[in-house]
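When we follow the numbering used here, the leftmost residue of the sequence shown carries the number 94, and every step to the right adds one. Notes to accompany the following structure.
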Amino acid sequence: MIPLPPQPEATTLTTFQEGNETFQATPQTHAAWQAMRTAAEGDGIDLILVSAFRSIQRQQELVQAKRKKGLSDTEIFRVLARPGFSEHHTGRALDLHTPQSALLQEEFETTPAFQWLNQHAHSFHFHLSYPRDNPHGIIYEPWHWCFQRGRK
């Protein structure tokens, strides 16, 4: 297993509203997300943003909440990156959803939205971070996409 590399916490973020929620992302990620969502809508695909920037402190809170529920660190770190190692800290990671699937569940891969992302997300510099059987030991997350300029 290859450990996840440390991820710097973003310092320049754009704050924006989607629905009734407030999100933050880097300005480039936000612009790419807006363009990708618009393109998807043009193809009849409804992409919904669930999560974007998450601070290292917030990641630690999520870990502590799971520990309080009695989960072991092994279980926790298969579904969450360790604080300081999550792509969400960079302001470039997005968790996406579509009305045709359960929220943040593997079944997202069976939706037209996931098929669309597989075909088009790279055009907007987004990539699937945790494919099935990834070398980091993180569960398969078909909903987690990260903006990476220069990667197509």
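From the three backbone atoms N, C-alpha and C, an ideal C-beta is built for every residue, glycine too.
Looking only at C-alpha atoms, which of 241, 231, 132, 206 sits nearest to residue 95?
-> Taking the first residue of the sequence shown as position 1, residue 95 is located at position 2. Nearest C-alpha to residue 95: 231.
Could you check if residue 216 is buried or exposed, using at least 16 other CB atoms within 10 Å of its CB as the buried criterion?
-> To locate residue 216, count along the sequence shown from 1; it is residue 123. Residue 216 should be labelled exposed.
Which first and last residues belong to the beta strand (DSSP E) in which residue 155 is found?
-> On the sequence shown, residue 155 is found 62 positions in, with the first residue counted as 1. Note, residue 155: premise wrong, no beta strand (DSSP E); alpha helix (DSSP H) at 149-161.
Contacting residues, own chain, Cβ-Cβ under 6 Å from residue 141 (five flanking each side not counted) = To locate residue 141, count along the sequence shown from 1; it is residue 48. Here the set comprises 190.
Compare the C-alpha of residue 106 against each of 196, 124, 113, 169 and name the closest.
-> Taking the sequence shown and counting its residues from 1, one reaches residue 106 at position 13. Out of 196, 124, 113, 169, 124 has the C-alpha closest to the C-alpha of residue 106.
Along the chain, where does the beta strand (DSSP E) that runs through residue 108 open and close?
-> As a first step, residue 108 is located in the sequence shown; it is residue number 15 there, counting from the start. Segment 107-111, the beta strand (DSSP E) holding residue 108.
Of the listed residues 130, 178, 153, 193, nearest to residue 218 (C-alpha basis) = To locate residue 218, count along the sequence shown from 1; it is residue 125. Restricting attention to 130, 178, 153, 193, the CA atom closest to the CA of residue 218 is found in 130.
Out of 151, 149, 111, 192, state which residue places its alpha-carbon closest to the alpha-carbon of residue 137.
-> The residue given as residue 137 occupies position 44 in the sequence shown. The shortest Cα separation from residue 137 among 151, 149, 111, 192 belongs to 192.
Given residue 169 as reference, the closest of 102, 238, 153, 211 once Cα atoms are compared = Position 76 of the sequence shown, counted from the start, is the residue given in the question as residue 169. If we check each option's Cα against that of residue 169, 153 comes out closest.
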